[in-house]
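Read the structure below first, then the notes.
Protein chains: 4
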Amino acid sequence: MNDAELIKRYQTVRARSEALCAPLETEDYCIQAMENVSPSKWHLAHVTWFFEMFILVPYAKQYRMLCEKYAHLFNSYYETAGTFFPRPQRGMLSRPTVAEVYSYRRHVDTALLELLAHPPEQHAADIRQRVQLGIEHEIQHQELLLMDTRYNFSINPLHPVYHKVALPALNDPTPKMAWQEFTGGIVEIGHDGDSFAYDNERPRHRTLLQDFKLGTRLVCNAEYLAFIDDGGYDRVDLWLSDAWRTLNEQRWQAPLYWFKQGRDWMHFDLTGAHTLHPDEPVSHLSHYEADAYARWAGKRLPTEAEWEHAAGRQAISGNFLDSGLYVPQPAQQTGLTQMYGDLWEWTQSAYLPYPGFKPLPGTLGEYNGKFMSAQMVLRGGSCITAQEHMRASYRNFFRAADRWMFSGLRLAEDIL
Amino acid sequence: MNDAELIKRYQTVRARSEALCAPLETEDYCIQAMENVSPSKWHLAHVTWFFEMFILVPYAKQYRMLCEKYAHLFNSYYETAGTFFPRPQRGMLSRPTVAEVYSYRRHVDTALLELLAHPPEQHAADIRQRVQLGIEHEIQHQELLLMDTRYNFSINPLHPVYHKVALPALNDPTPKMAWQEFTGGIVEIGHDGDSFAYDNERPRHRTLLQDFKLGTRLVCNAEYLAFIDDGGYDRVDLWLSDAWRTLNEQRWQAPLYWFKQGRDWMHFDLTGAHTLHPDEPVSHLSHYEADAYARWAGKRLPTEAEWEHAAGRQAISGNFLDSGLYVPQPAQQTGLTQMYGDLWEWTQSAYLPYPGFKPLPGTLGEYNGKFMSAQMVLRGGSCITAQEHMRASYRNFFRAADRWMFSGLRLAEDIL
Amino acid sequence: MNDAELIKRYQTVRARSEALCAPLETEDYCIQAMENVSPSKWHLAHVTWFFEMFILVPYAKQYRMLCEKYAHLFNSYYETAGTFFPRPQRGMLSRPTVAEVYSYRRHVDTALLELLAHPPEQHAADIRQRVQLGIEHEIQHQELLLMDTRYNFSINPLHPVYHKVALPALNDPTPKMAWQEFTGGIVEIGHDGDSFAYDNERPRHRTLLQDFKLGTRLVCNAEYLAFIDDGGYDRVDLWLSDAWRTLNEQRWQAPLYWFKQGRDWMHFDLTGAHTLHPDEPVSHLSHYEADAYARWAGKRLPTEAEWEHAAGRQAISGNFLDSGLYVPQPAQQTGLTQMYGDLWEWTQSAYLPYPGFKPLPGTLGEYNGKFMSAQMVLRGGSCITAQEHMRASYRNFFRAADRWMFSGLRLAEDIL
Amino acid sequence: MNDAELIKRYQTVRARSEALCAPLETEDYCIQAMENVSPSKWHLAHVTWFFEMFILVPYAKQYRMLCEKYAHLFNSYYETAGTFFPRPQRGMLSRPTVAEVYSYRRHVDTALLELLAHPPEQHAADIRQRVQLGIEHEIQHQELLLMDTRYNFSINPLHPVYHKVALPALNDPTPKMAWQEFTGGIVEIGHDGDSFAYDNERPRHRTLLQDFKLGTRLVCNAEYLAFIDDGGYDRVDLWLSDAWRTLNEQRWQAPLYWFKQGRDWMHFDLTGAHTLHPDEPVSHLSHYEADAYARWAGKRLPTEAEWEHAAGRQAISGNFLDSGLYVPQPAQQTGLTQMYGDLWEWTQSAYLPYPGFKPLPGTLGEYNGKFMSAQMVLRGGSCITAQEHMRASYRNFFRAADRWMFSGLRLAEDIL
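Protein chains in written order, with this note's numbering: chain A, 516 to 931; chain B, 516 to 931; chain C, 516 to 931; chain D, 516 to 931.
Here you go:
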């Protein structure tokens, strides 16, 4: 990517963050309905701080901060970059206002584009790399912004609607679940080459797979409902010990965003509240629920190596943010499908370093590496992930109890 | 008060709520920085719901609610009036928007004024009484709105300013503390007659006082600082057991809103952050701190009966909301002063029913009576209380650990 | 009381503590089933520490502590007497063993009796007073020991029995509730004279009573059951706000120690589990429940001044610890009865200082005064209180939510 | 193993549990100083219940339970075997007494030995397998009993001593850390064959290793102290995010059981409190600390496959329970040493199912499988593990924050 392309991409991605906020009222930008989510305005400011902190401050000599306290307010978790405002209180800050946050974005954009136009030679390569990282970082937060908005809206009895969309007509019923077989052996996974990837996707390395098969598509609502109707949430033998405790403490009886209206199961998503669509992939599952469903079905979740091995052969296309739907869609093809887009797929792999893993040097090493503890890997992206952000080697990670990301479930099975 | 006067008062008070919000940005209306406070827009809507719920719904036949879910969202704690949205989550609601809340106010105002213009005869007296109660209720929430705004702003490192005000020049230094003596005996306290008062101020009844004296003015910052400098916050012998635990858990070292800048004590109030003014009455004390100070000073807090007996002889005037300052002012007179306005005065009386107390019938009985447990009485109003709202018999109440209301401290002593 | 009598009383009371432990297994001495209770061996050691700390250490020159760490382990809450082991962890200490605690008692007894035999003249009066206080303190802990044992046993599914006792045959059914009237006016309450009383009972002072009447006996189980059967625990209008929250959080549906076996209400007490006896006074109520019952009955709780005024005319006799039953008994007489013994009676009075209250000087001032916050007064003693410990002016106090003490309920009413 | 040998082994292991309790006072059997530990008497009863529940109840027709409630009291976590008493409250039960627990052991021993003498033919194989499992289970609890006793004693200011032991004289200083290299490739790990192993060690399967090297011995106290002295506990860059939060919440500044006396580091173990021995392997580390140390040292922890591959070539011998020391010993040999015994070694592997893992059928499937969530694997046994219990394939597992087991740390490194 040359400099002009980089500038163009910067501008496009920055603009998209703001476009995604177009449906929001000023009030919607400010709230934080649980600790895990952040206010939209915080996301807008934090991604801006990232460019300021890691590029402008070290490399743009003339740069003047708009407000020094923003460094405290909009640092997320970079311990070695200074203090940060407590995460659970992000929704308690009315200032800076939304308008001021937009001004902050303008302020940084101006300085950054100027720097990109005339980068100091000895830092040009670093700057370019960090801008690229900052862009990917902002794309990640676009997904968070939609995830968080959905959660924030979901606890409001008024059921606010983020957007109205005409979902595409479906030609056919969803194909029945089928199984694609893969032969084991030594395979390579992880990112290779110079193109952008996060540190946690490296190094590419060899691993050993047993023979296995994958479900050809994501598990859908109708299938998951059969699990519920079979007493899935009441059968202790199906659940991990941590899962069972969580289920009871939080009184789970269905995936997040499902609720009952009379006898009907309803579903709240970015387009509002709807009757549950049976063919839509089941979404907003914790790892615990995905694992329990798999056990009930006599299957298991794939490992991340299995998933990557299978996905590596496929084109990166699917129902991404780019479709403008922000809703997962029923599978429409036979054969291995939905590997990319629609929903992140839980794997049975813990999020741990690859053999030979080296985090980025300095503060940016905090980006990924320090979270390699008690999290599980998800793969493949979702209907709110930008397609350009996706790679076969991309490792997303959440705690096993988390449910507010766009997570779904694909089954796997050993071939004995 | 005749009907025209009542209508006028309704309009005046309703307008004042909105005027008090004029300095707020949209974002400021939405936040809730701790469980005890509410977002400004919630206050604006809740006081409106009060008129809707207790007057329009029972008495205005044609009335149509703007949104039925508001009954759930804006009920505060009236268990017998239906469900209510969890208090700690009020700051998690972006909708209704601020604009929608103002529309709700208009909607109810229109219907209420229409009803007041043509009240159904058989309910006219009830309506009038309830409108009066609703007005007093809204005035109470005006005070809460300012208290809560101050707290909400205080946790923001940007230190937002609610209003700028030119404080009046002081003629003289604050007079030294002196003591006014009162002779005991059987006295009457509580509200008498038909004019408006809350149920908890009734019935007027006889009580027995010992001889006592009162400090002529509120304790000021300089005096409180002497307590701090004497190790007041480290001397366990000065504190009640609950107080000591609270002090340690919350790491109190000074009143709420005091903070240190280098060696200087600073103070955050509705006008922003300032150097502490030595003559200003010390404010935002918990009962625990007021009690510890009094013990340190070899004095005690007054009982509510002592306070009311002394205050009953004074005109109800002082530094109230009406002054437009919203900041307590140094005492400027010798003799018993500051009994009204400036700061609520902690008493040593638990908030308990008067002999013969009868709560209002029905749901409105929940207004005051059900809180007669583990709270302490404060008296006299503050610089953010409307003067028209005050009475000698007025009983305010908070928990002993609370500090975000405009509370201060007057000393008392036995005459032996 | 002369010195010989004091020595005798010391020996008698010390022996009684140990006699009360006779039914315990070694294991029973060690447990702490909730934060509010203490292990029996801790009680035995703490009361011993009290004599050591406040008498032997200051006044017995030759005294050598058996173990210096006991000062830390067995200090309860005397902040100015040194550190103390965290209360919630008292049940986590296996050492000192029970046998070692008894040795500690012997060690202190020997030294104390020696000191009492030859008190240094200049301290003789102080020593005598402190021994008397220590004796009363130990008697208080005898009651706690039984309360705590009952609670500790209650959570064990094996339902251990503390003692078996033949309850006396009842001549007659409990008399119906009647009302005794009292004329108001200025009365005196509080302890007078030189005989022993706690600091919180002083000074005797004048107070004003309205005309009132008292229920002639304690409310009994059958009457309380009528409240339950009338939906008492589901009717929010009967409960204080704090009470309703507590009831819901703790899922109260009946007094502590009641449980259902099939359709029958059962009751666990120091003699084991039994069918509920309808005539027995209802016990182990929180203040919240006593208050709700009174509201349901259209009555109220007495104030402590009313209670003391009424009780002051009666002989101090009743079903105390001395009866050896440790179970409250149905009222057997008409006229005002059960004022003393059987169960502590909740009042509607907050536990606050009397006018002119002065705590004991020094560390012993922590005995009572620092708890005058958010507690309610109970009066009259119970079936596990020693009769010699009781006075008309005796003020017991607990938090409104507490239920593990032997608390009951007498109704009061205004005479209008 | 024939039947006579099985009976012999049953008797030996049962006797060892009781022998390990010989140093305990009755009181020591009853306490539970944190949620993770259990009272000794609970361990003694629970392992007995295991034989009763899984062997006597299904297979011994004539068997009569000593007490039916024991099934509730002594079930640990087998959800499908009935209810269980809440784990955090195990220390709140004084009954059954220690003597009663021993009677329970006798009762079950008698019945079980009778059954083993005359097993019903059609169940003989099942019985034999389950007895073997029950024996291994009891051996596991012998380790827990010592771990828990150490913790229970550690919080007592009196520092009780479990046993006095003469540690062996050391011939030489601990050898310097050296590195043993291993060539990667496809290797097999997991248990093979019919001999006893837990379900989680199966199936034996192939996995791929990179080239790696292992530290020849455990990291010792002196080396760990260098990490502390280098600011290890204050350098956020060395810690995982979860680790840093835990360290701050729990205020870790050293491994568990280290404390300072003046300037000296002390260490509390089963033999009491001592000056820290520099050559002793560092123990009672969380995974977080082991991981941070490794990062500081520029190394990493081994994977469990690496460990097993290396250990599989070694004889299973070392400083186990059998040595009677119960204290880890300094390494005394050059070359790869301490792989077995002394301390469990943290790996960087999450505790997850092996490819093709099948839990035991029925309730016994809850033994291991349901804990495969958010735990890390430890390998090799410790100085309180019985040697007969150990296998190269043995997988122990704890949460990353746990520190009360006898855990230590061996370093690994990639060969590039």
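Note that beta-carbon positions come from the ideal geometry of N, C-alpha and C, so glycine has one too.
Reduced DSSP category for residue i - H, G, I as helix; E, B as strand; rest coil
i                      : result
residue 697 of chain A : strand
residue 498 of chain C : Outside the displayed range of chain C (516 to 931) lies residue 498 of chain C, so it cannot be described from this structure.
residue 653 of chain B : helix
residue 773 of chain A : strand
residue 728 of chain A : strand
Minimum Cβ-Cβ distance from residue i to chain D less than 7 Å
i                      : result
residue 607 of chain C : yes
Contacts of residue i in chain A (Cβ-Cβ under 8 Å)
i                      : result
residue 587 of chain B : 672
Neighbouring residues, chain D, relative to residue i (Cβ below 8 Å)
i                      : result
residue 775 of chain C : The premise fails here: residue 775 of chain C is roughly 17 Å from chain D at the closest Cβ pair, so nothing lies under 8 Å.
Cα-Cα separation, residue i to residue j
i                      : j                      : result
residue 834 of chain C : residue 534 of chain C : 19 Å
residue 808 of chain B : residue 714 of chain C : 22 Å
residue 805 of chain C : residue 571 of chain C : 43 Å
residue 677 of chain B : residue 883 of chain C : 45 Å
residue 703 of chain C : residue 720 of chain C : 5 Å
residue 540 of chain B : residue 555 of chain A : 17 Å
residue 891 of chain D : residue 895 of chain A : 26 Å
residue 929 of chain C : residue 695 of chain C : 11 Å
residue 657 of chain C : residue 859 of chain C : 15 Å
residue 618 of chain A : residue 626 of chain B : 42 Å
residue 849 of chain B : residue 730 of chain B : 11 Å
Distance cut-off 6 Å: residue i Cβ against heavy atoms of the ligand FAD
i                      : result
residue 637 of chain C : For the ligand FAD, the structure offers nothing, since it holds no ligand at all.
Chain B within 7 Å of residue i, Cβ atoms only
i                      : result
residue 600 of chain C : no
residue 908 of chain C : no
Short CB-CB distance (under 7 Å) between residue i and chain C
i                      : result
residue 870 of chain B : yes
residue 584 of chain D : yes
residue 725 of chain B : yes
Partner residues on chain E for residue i, Cβ-Cβ distance less than 9 Å
i                      : result
residue 611 of chain A : The structure shown contains no chain E; the protein chains it does contain are A, B, C and D.
Chain-ordered neighbours of residue i on chain D, where CB pairs are closer than 9 Å
i                      : result
residue 604 of chain C : 548, 670
residue 514 of chain A : Any property of residue 514 of chain A remains undetermined from this structure, which presents chain A solely from 516 to 931.
residue 592 of chain A : 756
Neighbour flag for residue i against chain A, beta carbons, 7 Å
i                      : result
residue 784 of chain D : no
Beta-carbon neighbours of residue i, restricted to chain A and to distances below 7 Å
i                      : result
residue 698 of chain D : Near residue 698 of chain D there are no residues of chain A at all, since even the closest Cβ is about 14 Å away, more than 7 Å.
Cross-chain neighbours of residue i in chain C, by beta carbon under 8 Å
i                      : result
residue 929 of chain B : 870, 871
Partners in chain B for residue i, counting only beta-carbon separations shorter than 9 Å
i                      : result
residue 915 of chain C : 888, 889
Residues within the region 524-555 of chain C neighbouring chain D, beta-carbon criterion of under 9 Å: 539, 540, 541, 542, 543, 544, 545, 546, 547, 548, 549
Interface positions of the region 652-668 of chain C facing chain D (Cβ-Cβ less than 9 Å), listed along the chain: 667, 668
Selection of the region 862-888 of chain C by Cβ proximity to chain B, strictly under 7 Å: 863, 865, 867, 870, 871, 885, 886, 887, 888
Chain B contacts from the region 742-771 of chain C (Cβ-Cβ distance under 8 Å): 751, 752, 754, 755, 756, 757, 758, 759
Chain A contacts from the region 693-723 of chain D (Cβ-Cβ distance under 8 Å): 701, 720, 721, 722, 723
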